[in-house]
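Contents: one structure, followed by commentary.
In UniProt numbering, the protein residues as written are 1 to 223.
Printed below as a string of structure tokens:
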């Protein structure tokens, strides 16, 4: 289990330190190279943490019940749609594309400025119940908290690159979380379609990557 905690510490350091030194690193290697290297580093560290979760000692906290998988599946669909929105729409104050934002048509930003992070929160929250062992709860619960903390952190990072006029304009037409905006076109058919595709791919790949089939668990519930 010690390697799990080591991987978590390194994962956090791999995000905090580059963030603190962002301006210096960007000045040295350029923004595109920084984003690429940071993304690769984050992915590698995340894979390492997940590996340690899978091989860590199993310390149960509550028994598994197949119905818990329904919770994860129900939360993962909106998470995937939010990830799709982060891909298709500009998110000037968060992770994702910042160019092309129109304050008169904020899109997903009227619902949430951080669709990728909100999706990560739902992913972490949804995976806590069906993974009732100590290490998994720490990992998934911690991931959910980490995503929420990222809301304010990402805004702070992005605002450093903007003028006061740009910041005021963006803040006026966007929200950290405003559910009513869904009824006013914040999420379109394109985001829903791509989100469903991501959702289906994750369900299919889950068995091969993680070694557990969500649909197989539901079959056990039905039997």
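Even glycine gets a Cβ: it sits at the ideal position worked out from N, Cα and C.
Note to self: Taking the alpha carbon of residue 201 as the reference point, which residue from 64, 84, 65 and 41 has its own alpha carbon closest?
What the structure shows: 84
State the DSSP-derived secondary structure class of residue 60, mapped to helix, strand or coil.
strand
Residue 66 and residue 217 - do their beta-carbons sit closer together than 9 Å? Taking the C-beta atoms as reference points, residue 66 is found nearer than 9 Å to residue 217.
Which word fits residue 69, buried or exposed, when buried means at least 16 other C-beta atoms lie within 10 angstroms of its C-beta? Around the CB of residue 69, 16 or more other CB atoms lie within 10 Å, so the residue is classed as buried.
Given 8 Å as the limit, is there contact between the segment 78–92 and the segment 198–214, that is, 3 or more CB pairs closer than that?
yes
- Task: With DSSP as the reference, label residue 226 as helix, strand or coil.
- Result: Because the chain in this structure spans residues 1 to 223, residue 226 falls outside the shown range and cannot be described.
- How would you label residue 23, buried or exposed, when you count the other beta carbons within 10 angstroms and need 16 or more for buried? exposed
* To do: Give a yes or no on contact between the segment 164–183 and the segment 95–115, applying the rule of three or more CB pairs nearer than 8 Å.
  => yes
| Inter-residue Cα distance where the pair is residue 238 and residue 165 | The structure shown does not extend to residue 238, since the chain is modelled only from 1 to 223, so the question has no answer here.
Review point. Buried or exposed: where does residue 131 fall if 16 or more other Cβ atoms within 10 Å of its Cβ makes it buried?
Key: buried
- Task: Can you check DSSP and say which residues form a bridge with residue 105?
- Result: Under the DSSP definition of a beta bridge, residue 105 partners with 102.
Sub-9 Å separation of residue 119 and residue 79 beta-carbons:
yes
(request) Following the continuous alpha helix (DSSP H) through residue 68, name the residue where it begins and the one where it ends. (result) Residue range 67–88 is occupied by the alpha helix (DSSP H) that includes residue 68.
* Asked: For the candidate residues 205, 29 and 42, whose alpha-carbon lies nearest to that of residue 13?
  -> 42
**OP:** Report, in whole angstroms, the separation of the C-beta atoms of residue 229 and residue 134, which I expect to be a contact under 8 Å.
**Re:** Residue 229 is absent from the structure shown; the chain starts at 1 and stops at 223.
Quiz item: Measuring CA to CA, which of 49, 29, 38 and 32 is closest to residue 136?
Solution: 49
Note to self: Is it buried or exposed, residue 150, if we count other Cβ atoms within 10 angstroms and call 16 or more buried?
What the structure shows: So residue 150 counts as buried.
Skipping 5 residues on each side, what residues in its chain have a beta carbon closer than 7 Å to that of residue 213? 206 and 207
Problem - Among 170, 5, 193 and 73, nearest to residue 55 - alpha-carbon criterion - result: Nearest C-alpha to residue 55: 5.
Would you tell me roughly how many angstroms separate the C-alpha atoms of residue 33 and residue 169, rounded to the nearest one? 29 Å
Residue 187, buried or exposed, once every other Cβ within 10 Å from all chains shown has been counted against 16: buried
For residue 39 and residue 18, I'd like the C-alpha separation in whole angstroms.
11 Å
In the DSSP assignment, find the alpha helix (DSSP H) that holds residue 21 and state where it starts and stops. Element bounds for residue 21: n/a, residue is neither H nor E.
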